[in-house]
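Peer 1: If you're matching positions, the sequence shown starts at 50 in this note's numbering and goes up one per residue.
Glycine included, every Cβ here is placed at the ideal spot set by N, Cα and C.
Shown below is the structure under consideration.
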Amino acid sequence: RVISIAIKHMENSSVKDYINKKRMEYLIHSYQSSEKVRNYSFDYLAEMAGFGSRQTLYSCSQKFYQCSPKDLFEKSLIQHHNA
């Protein structure tokens, strides 16, 4: 309960959303950093980040970034190369 209150106060987010956002950030970083990761299926990427299913990955991508995982990863790769 204390952790939940702290996350709500500091991040203005539920614990579930906070964790899922961190999972998405982890996948984006992994995708940008490793060509090997870019060849993984979305099912495997979802599993790798700790999502229960590929659908949860899609839902979180839509919720946090308003696009599909494919579009998100492609955009992040372009931004990474342009940085």
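1. Measuring CB atoms only, is the region 58 to 65 touching the region 86 to 105, in the sense that at least three cross pairs come out at less than 8 Å?
2. Terminal residues of the continuous alpha helix (DSSP H) containing cysteine 109?
3. Please state whether the Cβ-Cβ distance between serine 125 and cysteine 116 is less than 8 Å.
4. Who are the Cβ neighbours of arginine 136 in its own chain at under 6 Å, not counting the five residues just before and after it?
5. Can you tell me whether arginine 72 is buried or exposed? The criterion is at least 16 other CB atoms within 10 Å of its CB, across all chains shown.
6. Give me the residue from Ala55, Met97 and Ile56 with the minimum Cα distance to tyrosine 75.
Peer 2: Short version:
1. No, they do not touch.
2. The continuous alpha helix (DSSP H) containing cysteine 109 extends over residues 103 to 114.
3. Taking 8 Å as the Cβ cut-off, serine 125 and cysteine 116 do not qualify as a contacting pair.
4. The displayed coordinates of the chain run from 50 to 132. Any statement about residue 136 would go beyond what the structure contains.
5. By the C-beta density criterion, arginine 72 is buried, having at least 16 other C-beta atoms within 10 angstroms.
6. If we check each option's Cα against that of tyrosine 75, Met97 comes out closest.
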